[in-house]
Every structure is written in C-alpha cells, then in structure tokens.
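So the sequence lines, in the order shown, correspond to chains A and B.
Okay, so the first sequence: first residue is 1311 according to this note's numbering, each after it adds one.
Okay, so the second sequence: first residue is 888 according to this note's numbering, each after it adds one.
Right, one structure below, let's go through it.
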Amino acid sequence: MLLELKGIRKSFGGVAALRDGTLSVEAGEAHLLMGENGAGKSTLMKIAAGLLQPDGGEILWKGKKVRFRTPAEAAANGIAMVHQESLLARHLSVAENIFLGREERLPFGWVKRRQMIEKAARIIEEHHFPLRAEWMVDRLSPAGKQMVEICRAIQQGTNLLIFDEPTSSLSAAETDEVFRIVKTLKLQNAGVIYITHRLDELREVGDRVTVLRDGQTVHTDALSNLDLDRLIQLMVGREVASIYERKAIPPGEEILRVEGLNRKGVLRDISFSVRAGEIVGLAGLIGAGRTELCRALFGLDGVDSGEVKIAGKPVRVRSARQGVSAGLALIPEDRQRSGLAALLPISHNMTLASVDRISKLGFLNHAAERDISTDYIGRLRLKCSSARQAAGKLSGGNQQKVVIAKWLVRGARVFLFDEPTRGIDVGAKAEVFEVMDSLARSGAAILMVSSEMAELLQTADRILVMRQGRISGELPGHTTQEAIMRLAGFDAEVPGAAENDTPGETIQ
Amino acid sequence: MIQRLLPFVTLVALFIGLAIASPNFLSASNLSSVVRQTAVINIMALGMTLVIIAGGIDLSVGSILAVGGLFGTMSISHGASIPMGIMVGVLAGTVCGAANGAMVVGFRVNPFIVTLGTMGIFRGVALIASNGLPVHDLPPSFSFLGEGNLFHVPFVLWLLVLCGAGMHILLEHTRLGRYAFAMGSNNAAAVYAGVPVGFHTVAVYAIAGLLTGLAGMVEASRLLTGQPTAGLGYELSAIAAVVIGGGSLYGGEGSVVGTLVGAFIMGLLANGSDLLGTNPYWQQVVIGAAIIIAVTVDEFHKRRVRK
C-alpha cells in the first residue's frame, strides 16, 4: 500500500468535517474519491497533502506511520495536490508558478530564469495545454489556472498525485489530457487519488472508488462492481431519480433575439433567438466565447455592432444596470467572485437587484423584505437556519439558489446561466435544473452555458455550439455528444490554436 | 458571539476598573470631559464606518477636518452668523468627501491612494486659504457647540447621539446603507445586480466628509480657534475606532454601536492614564495594542467559522 488513511478526524470550530476518513491507495492505482459537497473529500485530501493537520487517526506512507506537517514535507515524499480553488501566485508567470518553492538556486538567491522557462515550456508542450511559460497567471481564465496547477503538481507529485475536481473548469479536450496524465502516472507506478463530481468521467480513469458521506467513509470497492445508480445512492444516502429528466413544453413567443452581434476578437456575427419557455444550451470549448457572449448581452462588455431585441423591442444595453432594467439576469460562472455577497444575509442577497421595490423614498421596508425572502426560501427549498444567515455559509448548491432567487425576486425575463452547476453536488444539481424548468414553464427565456455535455443533453430544448467566437451550428436537444463535439471543433484541436484564439486568456 | 461582545466587555471592564482605581473618574466634570474629548473622533468615526463598510477607506479625514473647521471659522470671522458658519464648515467637508468619491469612481484608483493624495491636497488648501495662520477672532458664544451644556449634559453628547442614530438608520434602514454593505461585501456582485455603484460610492464619501466637516467645527469651537493644522493624525484614530468596534477593512462589516464603543475605549484609555498619572507615552502603546488585539480576535474567530 502506498498511502493509508485510517479513521481520520478533523473539526473546524466545533463542527466535524471528518469523523472517520478512511482510504488507501496502491502504487499504480487511480483511486476515485466521491461524495456530495461538504462530505469532507477536500478536507481529507488536504490532510494527506500536509495542508491541514488531523485531530485524530493514522496516516501510513509506504507502511510507516507519518504525519506531514507542511505541504513541503509531503512534496519531499513525492506527494502533490491539484487544488480545486487556485492556489497560485497571481503576479508571477506560469513558469515561476510551476517551480515556485522548488527553483534551482544559485548563490545570493539568483534564479536560473531562462532554464526555468524552457523547462516549463517543455512540460506545457508535452501536455498540449494552450499556455505559454511567460504568461502572467493573473491574466489566465479559471481553466488556464487549473492547467498551471496541474503542471505544477506533476512536477512534484512523482509518487502520489491528488486531483481535486481538476476538470470542473476544463473543456472536453483538456479533460481528455487530464485523463491521459492519470494513465501515464499509473504506468509510471505512481498512485493517483481523484475527486470528481462528474459521473460521466468516472470510468475513464478509475480503478477503485471510495465514497465519503457526512465525513465518514461509507464504501470502498472496485469501480467495476458499482453502477451509476448505486454510486449516487451511496453518496446521497437515499434513492434519487438517477438523472434529471426534463419534459419540454411548447415554446411561446420570441423573448430574446440577437442579430449579428460582434465584439472585436471575441464574438463574431452572433445571431440566435430564445422563445418563452425554452432552455437553449450553449456548448463549446473553453475560450469559444460563451461566457463572453453572456457578458456582452448583459452589458458588462461593450459590443461593436449588432442588435438585441427583448420581447420584440430593440434594447441598447451598455452596463449591467441597463441589462437588469431590460429584464436580463446573469447567473455568473464564478459565484463567489461575482454572484454572491457572502458576508450578507440570505435575505439581503435575494433582494439586492430589487431594492427599489422594497423601499420608499430611500427607506427600506424590512417586513416586505422578510416576506419575500421567506417565500423564496420555501419555494426553492433552501437549506438554511434563517433568512438572516450569511449567504457565504451555505453549501454550494444553496448559494446558487440564492443567486437565482435574486433574479426571481427581480422578475427577470431572460436568464443567462453561465455554468450553473459548477461545484455543486448531485442532489443540488437536480434542484437547480428543477428551478430552471419551472422558470421556463412560467414563461422565461433561458440561455444556459455548460461544459458538461450530458447536462446540456438532458436539459436543453436546443443546443447552440460556439467555436472561436462564432456560433458554428445548432442542434436539437436530443442530439449526441459526438455531434456537439464535432461542431465545437473538438477534433481540430491543436496546440497551435493558442496563437489565434488564446483560450487560456479571458477578457476580464 | 464572544468576538462581537468583546469590545463591550472591554469598555465596561475599563469603566469599572477606572471607577475603582480613581475616585475622580465618576465625577460629572470628568465624565463630561471624556465625552467632549472623544466627540470629535467619534463623529468622524461614524463617517469612517460608512466608508469602511462600503469597502473603502478615507485617509484624508484629518485634513478634511481642518478644511471644514477653517472655512467655517473664517466665514464667522468675516461676519457670518454662527449657524451659518457651521453650515459652511459642514458643506466644505461634504465637498471634500464628494471629491474623494468622484476620484475613486472616475479614475478607478484604489481609495487608499486617492485619499492619501487628498490628505496632502486638502491640508495644503487649508494652509493656503489661511496663509498658515489660525483664525482667532471668534465670538465667545461659538464655544457652545463644543463646550456648552444642554439639560446638564454636554451639547456634543446630544449631537453625537443624533449623528449616531442617523448613521444607524442610514445603514440599517435605507437603500444607501444596503448598497454600502453590498458594495463592501462583493463589489462585483453589486455591479452584476444593477446597483448604481458609482453614484453610491460618491454619496458614501460625501457623507463621511459631511460628518468630518461637522467634527471640524466642534474641534474649532472647543479651542475657539480655526487651525489649518487641526486634525493631524486623526484619520488613524477614526479608523482604529471602527476596527476595534468590529468593522472589517475588507468591507461589508461594521456597526454604529461598535464604532462608538471603539472610540470610547480609546477615550477611556486616554482619560485613565491622565487620572492615574501614568506616563502619557504609554497611551500610544496601549491603544496600538488594542487595535491589534481586536483584529486578531476577529480574524481568529472568522478562521474558525470558515471551512
């Protein structure tokens, strides 16, 4: 056995995150770690990687009892972790981040800069990532940062590599590269622990699986002995309708119409429409311009030409404020950074876009606010102690519901969902889809960006596919992943594409 | 909860401790003087609370205090009535604050930098306008604002209660207050929700300037002088009061009660060291330590809550 974790316990401020974390991984094995959000997966892995100290339990490394007090101690044993959230130095280059803390040193603290960049470039090239060693990490998209994390971990984790949801921000091609990395590591007789929410990618990489629920290991087995329904059941501890299924409704009048939208270097001649009651999926690789399209429609980024009509009326949206007034709602990709005011109570978050409706002459009507938030907490089945609880203390799925509720309170008509289920567990995902469905039923027009194709196939009535800033085609909702991938330019993906499309970069 | 209560407990403990240690502490004249001494910082700190909650900072309040006090007293010495003079001082402070806000929004520059700059600019304006000389020819009745009593209680206490209540209502019961919390907690989320962030940022700094202008007039009234050099270093005391009272320099957190408690803790520390005859230089050390302790306790608590 390479690494054994036995009965690991860990509490934060009296709240038990882990009660009995047990997991073992062999050399040459890819071990999946699964469980709902808050089950303690990341905590357990951070303990294995030396980032957190356990309150109790045993860690055995190659049969010997150990304790990693710092990540450096773990790294000295060849253990490294690819983190879910980016732990990079933002103002350093890609190369500097890859070698941070492990630079080859010369006297007087000099660093061999050119050599480091060359080495980093070799690693990047080997994995076909659309990155350059000299780029500043600050300018990278979440996906780009993830790739840097991966490059960095590969450098250090020669014996055991831990991936914490590495693909949640990656496109299909990049995800495949991660799988290839895992396979290579296995061949090199290294151990791999892989945390994921994406049920469709399990079979690609895993040998065995350990399921955590409420801080306890509930099951460990060979993956071939478990089917999907059984896995979901183990994770949530109850039977659930295995995968969400939506019944389409006959669409109503046209709510959103976009004609010839252009933004230099980002969006090219975008035209489409969404009708009331429709959920239109937006597929594409990272950097294809999906998020940028949402931002432009909502007024966060300017456009060079094109026309947008809402319910038949042409609208000019030049700021988020005008977007909101025009009846648009954006549920952003990055919930923590731009969706949620984490310190503020749930009720304040819910009414943030509608403060004018709960106030008179600038004074707030707290009773009205309380009624509204209580109403939406019930409607969305939000799990919280009260409407006054800080929104940041909720689980990912419930946070997302709060962000959505903000727009329900506002009464928006066009909803732009950008990766609405990222970092959300299985049970909460189905609930988010239910909310979208009931929105559609009440006559809203929905545009949904998602990198999980299975998700698009289940929920969308139609799917638009973007490629290098253009809409490269439209598919019916019951299409196949292969058809989407073909339009997205999946097969044409080459490393050189970085030069004209720079998918690693975002326009922020 | 403990970290929320800590400032209150500290204040009460300090109060009881001083009452036991010094027989003069509880005398009406001593308590009035504590109130008068802390009123200026208190009123400024109320404005600072709003700015800090909105995610900003204002380093220029010491200079704004001088501008407000100076312009107000200059207009009185040029024949304006006392209420009119106070209005001029308040207005001058408001204009300075609005200028801060407008530059933060317009230039998209960090408020720390903008107000570091205006700290010098406003001070320079006060020195230029007065030619560096204090305004002395003020009617004795002007001292009522800072030194007078109303119903046997210092007038500034009434003023402070009024400003405190007003700020509390503004923070908890108005749209502006709600937007201030939202902008401070997550500015991007506020923008995405369609909040007119620019307008409200200017409003927040203008209100802080208004209160600072008023504090400037109180300071001038207490000394019966308009000093272009008034308020040097006051910005740090105002920020300290907010932070000791539970405000977060990251924005989104803070309260009127907390700030008042924070300012009175510093006031009692100063008063206590006067009464007990300890070396006044130690005051600086104790107040500095109080700031670090308050923030450390707060951070420790947050780290435990965070996963």
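Using N, Cα and C, we set each Cβ at its ideal position, and we do this for glycine too.
Exercise. Just the chain B side, please: which residues come within less than 9 Å of residue 1566 of chain A by C-beta, in chain order?
Key: The contacting residues do not exist; residue 1566 of chain A stays about 18 Å from chain B at best.
Quiz item: Taking C-beta to C-beta, are residue 1113 of chain B and residue 961 of chain B nearer than 8 Å?
Solution: yes
Self-check item: Spatial distance of residue 1606 of chain A from residue 1612 of chain A (CA atoms)
Solution: 6 Å
Self-check item: For residue 1487 of chain A, three-class secondary structure by DSSP
Solution: helix
Quiz prompt | Residues that residue 992 of chain B contacts on chain A, provided the C-beta gap is smaller than 8 Å | solution = Within 8 Å Cβ-Cβ: nothing; residue 992 of chain B doesn't reach chain A, min ~13 Å.
Quiz prompt | Any C-beta of chain A under 8 Å from that of residue 1079 of chain B | solution = yes
Practice problem: Tell me whether the beta-carbon of residue 984 of chain B lies closer than 8 Å to the beta-carbon of residue 1088 of chain B. | Solution: no
Quiz item: Mind checking if residue 1550 of chain A is an interface residue toward chain B, Cβ cutoff 8 Å exclusive?
Solution: Note on residue 1550 of chain A: pLDDT 44, under 50, position unreliable in the model; the coordinate value appears next. It does not; no Cβ of chain B falls within 8 Å.
Quiz prompt | residue 1591 of chain A versus residue 1645 of chain A - alpha carbon distance | solution = 19 Å
Quiz prompt | Contact between the segment 1143 to 1162 of chain B and the segment 894 to 911 of chain B (3+ Cβ pairs under 8 Å) | solution = yes
Exercise. With DSSP collapsed to three states, give me the class of residue 1397 of chain A.
Key: coil
Practice problem: Can you pull the chain B residues whose beta carbon is under 9 Å from the beta carbon of residue 1481 of chain A, in chain order? | Solution: The contacting residues do not exist; residue 1481 of chain A stays about 24 Å from chain B at best.
Quiz item: In its own chain, which residues sit with a C-beta less than 7 Å from the C-beta of residue 904 of chain B, not counting the 5 before and 5 after it?
Solution: none
Quiz item: Could you give the distance in angstroms between the alpha-carbon of residue 1708 of chain A and the alpha-carbon of residue 1367 of chain A?
Solution: 31 Å
Practice problem: Count the other CB atoms, across all protein chains shown, that sit within 10 Å of the CB of residue 1730 of chain A; report buried if there are 16 or more and exposed otherwise. | Solution: buried
Self-check item: Straight-line gap, residue 1442 of chain A to residue 1431 of chain A (C-alpha atoms, nearest Å)
Solution: 7 Å
Quiz item: In whole angstroms, what separates the C-alpha of residue 1635 of chain A from that of residue 1718 of chain A?
Solution: 14 Å
Self-check item: Entirely enclosed alpha helix (DSSP H) segments - the segment 1689 to 1756 of chain A, minimum 4 residues
Solution: 1706 to 1720 and 1736 to 1751
Quiz item: Taking Cβ positions, are residue 1654 of chain A and residue 1630 of chain A nearer each other than 8 Å?
Solution: no
Exercise. From the DSSP output, read off the bridge partner residues of residue 1580 of chain A.
Key: A:1571
Quiz item: Which residue's Cα is closest to the Cα of residue 1379 of chain A: A:1481, A:1489, A:1732 and A:1357?
Solution: A:1357
Quiz item: So is residue 1725 of chain A buried or exposed if we call it buried at 16+ other beta carbons inside 10 Å?
Solution: buried
Exercise. Look at the alpha carbon of residue 1550 of chain A and the alpha carbon of residue 1737 of chain A, and state the distance between them as a whole number of angstroms.
Key: Unreliable positioning characterises residue 1550 of chain A in this predicted model, as indicated by a pLDDT of 44, which lies under 50. The coordinate reading is nonetheless provided below. Approximately 8 Å, taken between the alpha carbons.
Quiz item: Mind pulling the chain A residues with CB within less than 8 Å of residue 943 of chain B?
Solution: Per Cβ cutoff of 8 Å: no residues; residue 943 of chain B is ~16 Å from chain A at best.
Quiz item: Using the rule of at least 16 other Cβ atoms within 10 Å of the residue's Cβ for burial, across every protein chain shown, is residue 1595 of chain A buried or exposed?
Solution: buried
Exercise. Report, in whole angstroms, the separation of the C-beta atoms of residue 1075 of chain B and residue 1662 of chain A, which I expect to be a contact under 8 Å.
Key: Residue 1075 of chain B to residue 1662 of chain A, Cβ: 12 Å. No contact.
Practice problem: Classify residue 866 of chain B as helix, strand or coil using the three-state DSSP reduction. | Solution: Outside the shown range of chain B, which is 888 to 1194, sits residue 866 of chain B, and nothing can be said about it.
Quiz prompt | Same chain, Cβ closer than 7 Å to residue 1143 of chain B, five either side skipped, listed in chain order | solution = 933, 936, 1051, 1054, 1055 and 1058
Quiz item: When the Cα of residue 1319 of chain A is compared with those of A:1796, A:1754, A:1744 and A:1524, which residue comes out closest?
Solution: A:1524
Practice problem: Give the DSSP bridge partners of residue 1594 of chain A, in chain order. | Solution: A:1776
Quiz item: Which whole-angstrom value describes the C-beta separation of residue 894 of chain B and residue 1180 of chain B, a residue pair presumed to lie in contact below a C-beta threshold of 8 Å?
Solution: In fact, because the Cβ distance is near 10 Å, the residues do not count as touching under 8 Å.
Exercise. Look up residue 1632 of chain A in the DSSP assignment and say whether it is helix, strand or coil.
Key: helix
Self-check item: Same chain, Cβ closer than 7 Å to residue 1383 of chain A, five either side skipped, listed in chain order
Solution: 1360
Self-check item: Within-8 Å CB hit, residue 1438 of chain A to chain B
Solution: no
Practice problem: Would you list, in chain order, the members of the segment 1657 to 1674 of chain A that have their beta-carbon closer than 7 Å to a beta-carbon of chain B? | Solution: 1658, 1662, 1663, 1665, 1669, 1672, 1673 and 1674
Quiz prompt | Neighbour list for residue 1631 of chain A in chain B, Cβ cutoff strictly below 7 Å | solution = 1081 and 1083
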